[in-house]
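These protein sequences, in sequence, are chains C and X.
Position one of the first sequence corresponds to residue 0 (numbering that gives the first Met the number 0), numbered consecutively onward.
Position one of the second sequence corresponds to residue 0 (numbering that gives the first Met the number 0), numbered consecutively onward.
C-beta: ideal position from N, C-alpha, C; glycine also.
Only a predicted model underlies this, so the values are computations on that prediction, with no experimental measurement involved.
Below is one structure, written out as structure tokens; comments come after it.
Number of protein chains: 2
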Amino acid sequence: MDAIEAILTRTSIRKFTDQPVPDETIHTILRAGMSGPSCVNARDWSFIVVRDRGTLNKMADANGRPAEPLRGADFGVLVCGDLERAFPRAQEYWVVDGSIAAQNMILAAKALGVGSVWLGTWPQMNRVEALRALFNLPETQVPHSVIAFGYPAEHPAPRAPEWEEDRVHFEKW
Amino acid sequence: MDAIEAILTRTSIRKFTDQPVPDETIHTILRAGMSGPSCVNARDWSFIVVRDRGTLNKMADANGRPAEPLRGADFGVLVCGDLERAFPRAQEYWVVDGSIAAQNMILAAKALGVGSVWLGTWPQMNRVEALRALFNLPETQVPHSVIAFGYPAEHPAPRAPEWEEDRVHFEKW
């Protein structure tokens, strides 16, 4: 799929078919997640890929009401920030770098016909702590976001306006 | 350009030719920035597009040594978080949403043959404050990142490894 088309036509998909996503497709999605950029090329993230139905349900319990689509997802990915790798002089770039990784995965999925929905975790610390407990994460790993993936069983129109004039300024505020 | 190719072959471009990027290409890049997702569809960002050479140089002064490529860029975009629109119960999602917008712009540019480099601003507060002062921004706008854009005058190989086995976990940490 053309890159501009993938970016402009992506919508959040919350209902998925039962068709399994092939392992090689998941591999490409994860490679996209790793292709950055990241602050000083720190690559300060890690990914947990989950297909087990019981674990997906526990991730839904942990990540608040918007995370319900995980219960019907083919697989989920927990994106974590890795404080061990994060830029020491400004560690919170892990939030930016985790977001880039997640968006790369979502766009790669779209291009491969796989739907997804981004389920926010950080900065909602109850979700961060619940996922940290569920996966018994080391202190260096901070849950950033969860993404639910699967082949789409719905095709919603984009919710966002194409253009918002008042969001763009030229040369000055 | 194919979306997977755009994502996997993107590299940071720091040297640009003098060829101007057409307005319609800039428009498509900005539309990509607006195409989300964002937390509760808040679209909590704004963009300042700069072509003026003097202002680009001042942005480079404000954003630290890595921002030097702005001095040779065809245009720069300052991405701001908009606290007025941000999700009231967890405002810091503006950091995630600004990152998504910036990465969409970078990938759209790549697909259109335009090179770019992401210049981190937040969480380095000296940069945040210097850009806020330069553009005399209202309190509701938080400088997030600056991106330098232009047609590439260099073609560096990707710096990142294609795959890092130890970054991926299956089913559990």
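In the structure shown, proline 122 of chain X adopts extended strand secondary structure according to DSSP, grouped into three states. Think of a sphere of 7 Å around the beta carbon of proline 21 of chain X: no beta carbon from chain C falls inside it, the nearest being about 15 Å out. For glycine 75 of chain X, the enclosing beta strand (DSSP E) stretches over residues 74-81. Its chain contains no residue whose beta carbon lies nearer than 6 Å to that of glutamate 91 of chain C once the 5 sequence neighbours on both sides are disregarded.
Under the Cβ distance rule, glycine 63 of chain C does not count among the residues neighbouring chain X, no pair being separated by less than 8 Å.
In this structure, DSSP gives isoleucine 47 of chain X an extended state, which the three-state scheme calls strand.
Phenylalanine 169 of chain C is bridged by DSSP to X:Val48. For the 8 Å CB-CB criterion, tryptophan 117 of chain C and alanine 129 of chain C do not form a contact.
In the DSSP assignment, valine 113 of chain X forms no beta bridge with any residue. Our two residues, phenylalanine 169 of chain C and threonine 54 of chain C, have alpha carbons roughly 48 Å apart in a direct line. Not a single C-beta of chain X is nearer than 8 Å to the C-beta of proline 155 of chain C. Rounded to the nearest whole angstrom, the C-alpha separation of asparagine 125 of chain X and isoleucine 25 of chain C is 40 Å. Those residues of the segment 65-93 of chain X placed with their C-beta closer than 7 Å to a C-beta in chain C are Ala89, Glu91 and Tyr92, ordered along the chain. With a cutoff of 8 Å on beta-carbon distance, valine 49 of chain C and glycine 32 of chain C are scored as not near each other.
Within chain C, the C-beta atoms nearer than 8 Å to that of glutamate 163 of chain X come from Met33 and Arg42, in chain order. In the DSSP assignment, glycine 149 of chain C falls outside any alpha helix (DSSP H) and within the unbroken beta strand (DSSP E) covering 140-149. Counting C-beta atoms within 10 angstroms of its own C-beta, alanine 147 of chain X has 16 or more neighbours from the protein chains shown and is therefore classed as buried. CA-to-CA, the gap between glycine 114 of chain C and alanine 2 of chain C works out to about 16 Å. Inter-residue distance for phenylalanine 46 of chain X and alanine 85 of chain X is about 15 Å (C-alpha atoms, whole angstroms). Beta-bridge partners assigned by DSSP to phenylalanine 15 of chain C: C:Pro151.
Below the 8 Å Cβ cutoff, chain C contributes Asp1 and Ala2 as neighbours of methionine 0 of chain X, in chain order.
Among the residues of the segment 113-138 of chain C, those with a Cβ less than 7 Å away from any Cβ of chain X are Trp117, Gly119, Pro122, Gln123, Phe134, Asn135 and Leu136, in the order of the chain. Note that the C-beta distance between lysine 109 of chain C and glycine 71 of chain C is not below 8 Å. When the five nearest sequence neighbours on each side are left out, the beta carbons in the same chain lying within less than 6 Å of the beta carbon of isoleucine 28 of chain C are those of Met104, Ala107 and Ala108, in order along the chain. Just so you know, the alpha carbons of valine 141 of chain C and alanine 59 of chain X end up roughly 32 Å apart. No residue range can be given for glutamate 67 of chain C, since it is assigned to no alpha helix (DSSP H) and is classified by DSSP as neither H nor E. DSSP places leucine 29 of chain C in the uninterrupted alpha helix (DSSP H) bounded by 22-32. Contact of proline 142 of chain C with chain X by beta-carbon distance below 7 Å is absent, the smallest such distance being about 11 Å.
For the pair arginine 166 of chain X and tryptophan 44 of chain C, the CB atoms are nearer than the 8 Å cut-off. A buried status is given to histidine 143 of chain X, since no fewer than 16 other beta-carbon atoms sit within 10 Å of its beta-carbon. A Cβ-Cβ separation of about 4 Å places aspartate 73 of chain X in contact with glycine 149 of chain X under the 8 Å criterion.
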